[in-house]
Structures are given as structure tokens and as C-alpha cells.
Amino acid sequence: MLTKSDLMAWRQCPRMLWLHHHPPEPQTSASVPVDRRTLDGRLVGEYARRDVGEYLWPNTSGDPASDAATALAELTAAAMLPAVEMPMVRDGLYARADALLPEAAGYVLRETKASTFPLKPDKATPSSPDEHHLDDVAVQAWVLEGAGLPLARAELNLLDNQWRYPGAGDYRGLFRQLDVTDAVQQRMRAVPQWLRQARDVVDGDMPDVRMGNQCTHPHPCPYAALCQRLEPPGPEHPLSLLPDTAGKALARKLAAKGYTSLLEPRPGELVGAQAALYRRIQQAHRTGRPILAPGANTFMQRLTYPRYYFDFEGIDLPVPRWVGLRPYEQVPFQWSCHIERAPGVFEHRAFLDLSGHDPSEPCIEEMLHAIDVGDGGPILVYYATYERGRIVELAKRHPAFADRLKRLAARLVDLHPVVKEHFYHPAMKGSFSIKKVLPVIAPDLNYGELDEVQDGTGAQVAYLQSCFDAELTPRRKAELRRNLLAYCEQDTWAMVEIGYFLEGKGRPTELRPPSFQV
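Residue numbers for the sequence shown follow full-length UniProt numbering, so the first one is 1 and each next one is one higher.
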């Protein structure tokens, strides 16, 4: 028997479905990491059920066919009572409906997603929903039809990201429903063919599929590392090294001309607003040597002291817990700041709130205590858009601090474009993320050697577990706190390393504060 999840995996990539049923190694609950998507889905589903009112939640035993038959009998006996997590089976395909709401003409099939309601730029008119969401509902509707339950309407139940939490547990208006009946009915006709093709994949040999966009969309594939090992050897310097949207578009044009390696085009063919960057990347790969273009040291030398190397970590809850927030609005819960009072004179300050309460105001207060509003020293960040956005949002939510926060925002200095304009190393492989830049200038600082928190998503999962997991032990919470502090501190020390490198001052390793531990 296949499941709706199987069909959705097949729709994304046949090899993903095959590996689900032929895993390269046994999967246990301990070997499968908790991810943000799973946590968000559980939380959103819980709140969506509150809108249903009194409902039937059928019992399940683990036998899909038996569960579906029992649930159908329970639903029939319950007359006009809505049902949630309704198990259904048709032709060996198992699906569970998030909610079945009875109406005179049949049942409303309501599928809840931890996504926001799609709006056009006018913020008033709905735009088209995601294709994979429509496929998901179509599979359920087809199974529902086979169970003899008439479909009155198909809905996507999505978060309204224009809604703000008023407090006191009042979540009325959190969701908006999008009628997708017409699109779903068109797709339902294709489901039997999808099912046959998916069964052929499961019963056959592992599909030969090249890696591509399907490895990350609509969801990251858990088998990407395995598939990477199975990829046939490609050019040592692929066209995909060209960064950003414009670079990828140029790569497609060059591929259409027959090029496969970035070393093949003439420099004059690397055109566009970032032509100098593309040519620098090509030259570095051609020679095998890093390039540090003139001017970076001049930029850094113009910066005054004290210098504040600063980084936020934020959480974007799908269901807001704190007054005034929208779904998925970013709220900083942590920051790290290395302060260089004078050349080579460092101190480190940090903030982390794992109370589960709104961290915004204490975040602001500690930040204003660490960074002198009046000294005018530059606040160095990596990707200023994120830090500036958080500061601006904090100023809106807490107007008493607005003037001081706006003065801090005006002092942000972004190291990312400085690196991009002046430096490239072949080992960066077309990326200018801090996690690609740091290893080539400070090889001993490796994010992979940190404990479980090694990136922003890992930090968010650690935050959610620390604050909202009722079964978390004090020892485990202390461990997560240490991991969060170490990760964020590494981000700001990485900026110190990058700043010193750009300025031509060598490495500040011997100046690293004693609090820093990898």
C-alpha cells in the first residue's frame, strides 16, 4: 500500500520515493533529525483543529484498510459531526484528511498547510496557490471519492500573514480558506496514473535521476548527500559557479552555446552588471589561486573604533505567541557582539532568551547596553538586510526605543558586499556565504565541528525545543544553551577574522577572547 506522502515524494522526484521504500540504511526515530517543517506542521495543525469545533477523531490501529473502514462507520454514525485526521483508502492508496466538514451537498475537504495565504501585491486579491499543495488536495479528494463521500468543496486552510495576535489566547482569524475545488477536480483525473507510475518506481530498480531543482523544491530531499555521491563526474569548474540569479541566467546562456566549464568562455563573454565578479571567479579557477583585489584594505582602514561585530538569531513562529506579531514574523531571541575597542583589544557580549516569553524588549535593552548609541562606531554585520530588518521591526513594536534603534541601524556596515567585490577563493565554489568564506581564511574554524547547532535553522530548532518542549530536561536545556551561544559567537568571530583579512592584518587568533570555544 502506498500513501499520499509517497505520491507527493514521487511527484517531487521518483528516486526520493524509491529511497523511502529502499532506504540505504535502517531509519530509526533517533536517526531522523527534528526539522522546522515538522515542528511547524504539528503546531499549525493543532491550532487549525480549534476552528473545527466539536469533532470526531477516529481511532487508528496501524492497519490502513481496517482503520479506514472503521473510521467510515464512525463518521456515518456521527451524522453531521466533522472529522479530523480521517483515514481513507482507495485502490491501495492511503490518505488522511486534515478535516472533513459536513454540508448539505457533501463534505468540505479542508487541508491545512503551515504556509501563508497567497496574496497579490495589492494585498487584497488571492493569487495562485502552490502547485504541490493542489496536488496534495487532489490525491485526498480522489481517495475521498472512492470512499463514497461526496466532495462539496476543497479548501486550503492557510495562515493569514496580515493578521496580528491580539493576545489572551484569541486566535480567531489566524486562518483563511482558499477555495481550490476547480483546480483539484482537474487534477483528480490524473491521480490513478500517478499511482500506477509510483508503484512501478517502488517495484523497480533505483531510478536514474540527475540532481537539480527537485532536490530542494518544494522541500529539501533527505537523500541529497547520497545522490551527490551517485552523480556522474562533471566539469571541475562548472558554469553553476556563477552566483546569484543573474549569474545563473548567464550560465544557462553559456550552456546553450555549448560550454560546460567556466574556463571555456572568453572573459568578454562574461557580461552583465557583475561582469567583474564573474571574471574574477573565472580567473581564480583558471589559476587555482585566490584573488584579493585592491581596495578592501582601504575600505576597512576607514572604519573607526570601537568596532562592533554583530549578529542576530531570530525565530519566526507560524502561530504567534506574543502580542502584535504576524505569522512568521521574525523576532530576535539571541545576539552575539565582539567589540574591538581599539586595534586588537576585544571583549565579547551576548544575549540569549530561552524563557519562552517575548524576547524583544530584553533583547533591545541588552543591545543598547552593549552598543554605545553615541560613540558612532561601525556595527559590522554579514548580510545587513537581515539585521536592519530586525532592528526596524523592533523599533516599530517598541516605539520607546525607536530613536535609539534607528541610530544603530544607520551605523550598520555590511561585510558581504565588500568580500564579494574584492575576494574570491576557488574553494568557495561560487558562494560568498560566511560559511564558505571562513574556512579559506581561517581553516581551524569549522562550523562542522560545532555541536548540533551549525546553522540558522539548527538554531531555530534548538530554540523551539528549549522553550516549548514540556519534556525537556534541565540538563538538555543547558546543553542547547551552550550550543546556541557557541554558534552565534562563532558567527561574530568569523566577521572579525574576515575584517582582519580584508584589512591585510593577518589573523587575530592570538587575540581571540578566552570565552570563545569551538
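Cβ coordinates follow ideal geometry from the N, Cα and C atoms, glycine included.
Asked: Count the other C-beta atoms from every protein chain shown that fall within 10 angstroms of the C-beta of threonine 492, then say buried if there are 16 or more, exposed otherwise.; Found: buried
Asked: Does the separation of the CB atoms of lysine 420 and methionine 428 fall below 8 Å?; Found: no
Asked: Tell me where the alpha helix (DSSP H) around tyrosine 47 begins and ends.; Found: 36-50
Asked: Can you tell me which of Ala83, Val180 and Ile339 puts its alpha carbon nearest to the alpha carbon of aspartate 375?; Found: Ile339
Asked: May I ask you to verify whether the segment 325-338 touches the segment 296-304, counting CB pairs closer than 8 Å and requiring at least 3?; Found: no
Asked: On the DSSP bridge assignment, give the partners of residue 555 in chain order.; Found: An answer regarding residue 555 cannot be provided, because it is not within the stretch 1 to 518 covered by the chain.
Asked: Taking the alpha helix (DSSP H) that leucine 450 belongs to, which residues open and close that run?; Found: Element bounds for leucine 450: n/a, residue is neither H nor E.
Asked: Please name the residue in Gly344, Asp316, Ala284 and Thr298 whose C-alpha comes closest to that of tyrosine 308.; Found: Gly344
Asked: Would you say methionine 367 and phenylalanine 346 are within 8 Å of each other, going by their C-beta atoms?; Found: no
Asked: What's the C-alpha gap between glycine 45 and glutamine 177?; Found: 14 Å
Asked: Output yes or no for whether 8 Å exceeds the beta carbon distance between leucine 93 and leucine 2.; Found: yes
Asked: Quick one: Cα of alanine 470 to Cα of lysine 477, how far?; Found: 11 Å
Asked: Comparing alpha-carbon positions, which option in Tyr278, Arg11 and His348 lies nearest alanine 190?; Found: Arg11
Asked: Going along the chain, which residues of its own chain have a beta-carbon closer than 7 Å to the beta-carbon of phenylalanine 468, five neighbours each way excluded?; Found: Gly356
Asked: How big is the Cα-Cα spacing for threonine 76 and glycine 148?; Found: 11 Å
Asked: Whose C-alpha, out of Ile441, Thr473, Ser466 and Ile434, is nearest the C-alpha of aspartate 455?; Found: Ile434
Asked: Is aspartate 67 buried or exposed, if buried means 16 or more other CB atoms sit within 10 Å of its CB?; Found: buried
Asked: With DSSP collapsed to three states, give me the class of leucine 178.; Found: strand
Asked: Which class does serine 31 belong to by DSSP, given the choice of helix, strand or coil?; Found: Note on serine 31: pLDDT 43, under 50, position unreliable in the model; the coordinate value appears next. The answer is coil: DSSP assigns serine 31 none of H, G, I, E or B.
Asked: By a C-beta neighbour count over all protein chains shown, 10 Å radius and 16 as the cutoff for buried, is lysine 113 buried or exposed?; Found: buried
Asked: State whether the segment 53-72 contacts the segment 481-501, with contact taken as three or more CB pairs (one from each stretch) at a distance under 8 Å.; Found: no
Asked: Evaluate the contact criterion for the segment 180-197 versus the segment 160-172: three or more CB pairs, one atom per stretch, below 8 Å.; Found: no
Asked: For cysteine 13, which residues from the same chain have a beta carbon less than 7 Å from its beta carbon, with the 5 sequence-adjacent residues on both sides left out?; Found: Val209, Gln214 and Cys221
Asked: According to DSSP, is histidine 217 part of a helix, a strand, or is it coil?; Found: coil
Asked: Find out if the Cβ-Cβ distance for the pair serine 360, leucine 394 is shorter than 8 Å.; Found: yes
Asked: Can the beta-carbon of tyrosine 463 be found closer than 8 Å to that of proline 320?; Found: no
Asked: Nearest-angstrom Cα distance between leucine 472 and leucine 485?; Found: 18 Å
Asked: What's the C-alpha gap between serine 29 and leucine 7?; Found: Confidence is the limiting factor: at serine 29 the pLDDT is only 44, short of 50, which leaves the residue's position unreliable, though a coordinate-based value still follows. Approximately 22 Å, taken between the alpha carbons.
Asked: Closer than 8 Å by C-beta to aspartate 98: which residues in its own chain qualify, once you throw out the five before and the five after it? Chain order, please.; Found: Gly45, Ala48, Val84, Glu85, Arg110, Glu111, Thr112 and Asn157
Asked: Using the rule of at least 16 other Cβ atoms within 10 Å of the residue's Cβ for burial, across every protein chain shown, is glutamine 228 buried or exposed?; Found: exposed
Asked: What residue from Leu134, Ser127 and Leu151 has the CA that sits closest to valine 180's CA?; Found: Leu134
Asked: Looking only at C-alpha atoms, which of Leu262, Asp244 and Arg252 sits nearest to alanine 273?; Found: Asp244
Asked: Quick one, which of Leu270, Gly288 and Arg196 has its alpha-carbon nearest histidine 425's?; Found: Gly288
Asked: Assign asparagine 59 to one of two classes, buried (16 or more other C-beta atoms within 10 Å of its C-beta) or exposed (fewer than that).; Found: exposed
Asked: Once the 5 residues before and after arginine 36 are set aside, which same chain residues still bring their CB inside 7 Å of it?; Found: Thr457, Gln460 and Val461
Asked: Between arginine 397 and alanine 370, is the Cβ-Cβ spacing less than 8 Å?; Found: no
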